[in-house]
Amino acid sequence: MASAKATPDTLPAWQTLTQHAQAIRHIHLKNLFGDDPERWSHFTRHVAGLTLDLSKQRWDDDTLEHLLGLAEEAGVPGAIEALLSGKRVNVSENRPALHTALRLPADAQLEVEGEDIVGAVHDSLAQMERLVQRLHAGQWRGATGKPIRHVVNLGVGGSDLGPLMVTHALADYRPSDIHPVEVHFASTMDGSQLADYLTRFNPETTLFVLSSKSFTTIDTLSNANTARDWLLGRLSRHAEAGEAPQAHTISAELVVRQHFIGVSASPEKMSEWGITPDHQLMFWEWVGGRYSLWGTIGLPIALVIGMENFRALLSGAHAMDTHFKTAPMADNLPVLLGLAGIWNVNFLDIRAHSILPYDGRLEYFAAYLEQLEMESNGKSVTRQGQAVSYSTCPVLWGQLGPNAQHAFYQLLHQGTQPVVCDFIAPLKRYDEIEDPDTRRHLKAQHRLALANCFAQSRVLMLGDDALEEDGPRPEHKRYRGNQPSTTVLLDKLTPATLGALIALYEHKVFVQAVIWDINPFDQWGVELGKQIATDTQAIIEGEGELARLDASSRGLIEAFWAAEQTPRG
């Protein structure tokens, strides 16, 4: 009988790190800097337009050596090869996780289980480009013959967070010589986002992108059904009033054809819903939702920034993929970033992590990483199905750094909860502003943001020692410091550097999953919630047994029923 696989916390390197942590955990960061004048260069790397500064982590050269040993013992090098070559690394669903294949160049080759998939990937991109070109040329007409002006992406989770984050981050790269098309996002199942659009937009010039890998996601389909009914109702009234040039031809089939694009791994369900085949964009079961912005789920991104810039986004991510595959682990950015997280969570017992971009264009980056990391690594069972005996993913949250300074930085500096922070900022900005006075003022504001970014990580590190001594201070004005942080600097925020940044965090998550021996590519906890919600909805609608629920759930449903019966004044 084969012996059971060793758990991570029984590996020799893990045991060594446990002992090492006892010796180093009481050393203040200020002393680590004092002991090593070359610390910045020892713990900083530059790749693909990104500078990764890990010098403010609470570790030393010995720590990193032990962590690299842990990565070797846990099989990280082999796991990287397995991921990028298309092995079935998603063990619970028995399939590859090949989001990296979506950003391979057209002349690459990747044979997965006997099939070269690169051609199919680029065929899907070419189809997406044809749809984008029609919209950008003003050639996509609604059912009444008017060109489309508003595109609403209906998706949730990875079908929403990724495209939303990237379109906001790269809005400066919007082409100026195209038919104006505004892109919007609706994800909430309660309809609040969609309701706002339906009150403001003209149905004749509005197109909906229905993005759902399975094409069964209730959040997305409920929004899509509402949108379809809105279009049919409004456009039929146009037809009855004789307002449409082709009033007599407006049928439900025509409305769905001209006002919906589908993006899914299930063409049968898209066709069943009514989306015409030439308005269907495909992706594959081996692409997880939270990793899907690189393919046709990225249609809203391409609509905002154009296909040339979309391909630059893919190129930047591919550059990080190549680095991840080829760089030695001691110089490998995703490996180093992942190891810093392992050190903090498992050996320093720091289980809170804040993402703090110092650039307003990265407003949604923290929300994107919340899904990427916590849905991927929020697991308590190993790949072999055994309960873990160690911590895995920390609680992740964040906000734009300049805003967060006036909100939760109080906890970071003087609270009782240890937190590790990631500071993210571009080095250059506003060079393209033509007016010299405006450019000068905006560049001064950018320098102000960088000053705050650098200062905050310094104060978190040094505490009181960051201040010039001006006499005794009361305890409520003292700062302990010794809070670790990472700083990621982009040479400039471009499609390519953003692609590299996203891929950096994707691969970091994978490295940590390998060491924790968990599967980062499934989300059964999410699936359970969907199942229970469906059962609960049936009971709310009077089609299930209320009595079988717990007292709290019964009380909540009865409160809703009572509110429904209250006369509306």
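FYI, the numbering for the sequence shown is 3 to 571, going by the working numbering. Don't be surprised by glycine CBs; every beta carbon is placed ideally from N, CA and C.
Span separating the alpha-carbon of L72 from that of P10:
Here the C-alpha atom of L72 lies approximately 9 Å from the C-alpha atom of P10.
Identify whether F425 lies in helix, strand or coil by the three-state DSSP scheme.
Reduced to three states, the DSSP call for F425 is strand.
Following the continuous beta strand (DSSP E) through K494, name the residue where it begins and the one where it ends.
Residues S487 to K494.
Classify A23 as buried or exposed, calling it buried when 16 or more other Cβ atoms lie within 10 Å of its own Cβ.
When all chains shown are included, A23 counts as buried.
Would a C-beta distance cut-off of 8 Å place V513 and V185 closer than the cut-off?
For the pair V513 and V185, the CB atoms are not nearer than the 8 Å cut-off.
Name the two residues that bound the continuous alpha helix (DSSP H) containing W399.
W399 -> not in any alpha helix (DSSP H); beta strand (DSSP E) instead, spanning V397 to G400.
With DSSP as the reference, please indicate the residues paired to G264 in a beta bridge.
DSSP output for G264 lists L212 and Q282 as bridge partner(s).
Does the distance from the C-beta atom of G501 to that of L315 stay below 8 Å?
One thing to note: G501 has its Cβ within 8 Å of the Cβ of L315.
Opposite P359 in the DSSP bridges: which residues?
Beta-bridge partners of P359 (DSSP): I426.
Leaving out five residues before and five after D162 in sequence, what residues of the same chain have Cβ atoms less than 8 Å from its Cβ?
Within the same chain, N155, F187, S189 and S213 come within 8 Å of D162 by CB-CB distance, once the 5 residues on both sides are set aside.
Which residue wins for smallest C-alpha separation from L341, given the options P39, M130 and D62?
Nearest in C-alpha terms to L341, of all of P39, M130 and D62, is D62.
Just to confirm, is the Cβ distance from R97 to E287 under 8 Å?
The answer is yes: Cβ separation under 8 Å.
In this structure, does DSSP put R313 in helix, strand or coil?
Reduced to three states, the DSSP call for R313 is helix.
Do you know how far the Cα of L402 is from the Cα of A453?
Roughly 15 Å between the two C-alpha positions.
Contact check, Y360 vs A254, beta carbons under 8 Å
In this structure, Y360 sits away from A254, with a CB-CB distance that is not shorter than 8 Å.
So, at 6 Å on beta carbons, what are the nonlocal neighbours of K445 in its own chain, with the 5 sequence-adjacent residues on each side left out?
Only Y432 meet the Cβ criterion.
Using only alpha-carbon positions, find the residue among R176, S224 and T219 that is nearest to Q195.
Each of R176, S224 and T219 was checked against the Cα of Q195, and the nearest Cα belongs to S224.
Whole-angstrom Cβ separation of L70 and M322, contact assumed at under 8 Å?
Rounded, the Cβ-Cβ distance is 20 Å, inconsistent with contact.
Kindly indicate the opening and closing residues of the alpha helix (DSSP H) around V516.
Following the DSSP letters along the chain, one finds V516 inside the alpha helix (DSSP H) bounded by residues P497 to W518.
What three-state label does DSSP hand R151 in the structure shown?
Correct three-state label for R151: coil.
Residues in its own chain within less than 7 Å of E365 by CB, not counting five upstream and five downstream?
Within the same chain, and ignoring the five residues on either side of E365 in sequence, the residues whose Cβ sits closer than 7 Å to its Cβ are H170 and L402.
So if DSSP puts T46 in a beta bridge, which residue, or which two residues, is it bridged to?
When DSSP reads this structure, T46 sits in a beta bridge with D55.
Buried or exposed for L31, please, with buried defined as at least 16 other CB atoms from any protein chain shown within 10 angstroms of its CB.
So L31 counts as buried.
Quick check: G585 and S459, are their CB atoms within less than 8 Å of each other?
Beyond the ends of the chain as shown, which are 3 and 571, falls residue 585; an answer cannot be given.
Buried or exposed: V528, going by 16 or more other Cβ atoms within 10 Å of its Cβ?
The residue in question, V528, is exposed, as its Cβ has fewer than 16 Cβ neighbours within 10 Å.
Assign A8 to one of three DSSP states: helix, strand, or coil.
Coil, per DSSP.
How big is the Cα-Cα spacing for P279 and Q129?
If you draw a straight line from the Cα of P279 to the Cα of Q129, it is about 11 Å long.
Identify the continuous beta strand (DSSP E) that holds V158 and give its terminal residues.
First-last for V158: undefined, no H or E at that position.
Are the CB atoms of T65 and S57 nearer to each other than 8 Å?
Cβ distance not < 8 Å, so T65 and S57 don't count as in contact.
Label A99 either buried or exposed according to how many other C-beta atoms from any shown protein chain fall within 10 Å of its C-beta, with 16 as the threshold for buried.
Buried, because 16 or more other Cβ atoms sit within 10 Å of the Cβ of A99.
By a C-beta neighbour count over all protein chains shown, 10 Å radius and 16 as the cutoff for buried, is R550 buried or exposed?
Under this definition R550 is an exposed residue.
With H, G and I counted as helix, E and B as strand and the rest as coil, what does DSSP make of A561?
It is helical.
Measuring straight from C-alpha to C-alpha, what distance separates N521 and H320?
When rounded, the distance between both Cα atoms is 23 Å.
In the DSSP assignment, the beta strand (DSSP E) including E184 goes from what residue to what residue?
Its beta strand (DSSP E) spans residues E184 to A188.
Let's test the definition: count the other Cβ atoms within 10 Å of the Cβ of T146 and tell me whether it reaches 16, buried, or not, exposed.
Per the 10 Å Cβ criterion, buried.
Sheet register partners of R97 (DSSP bridge)
Answer is N92, bridged to R97.
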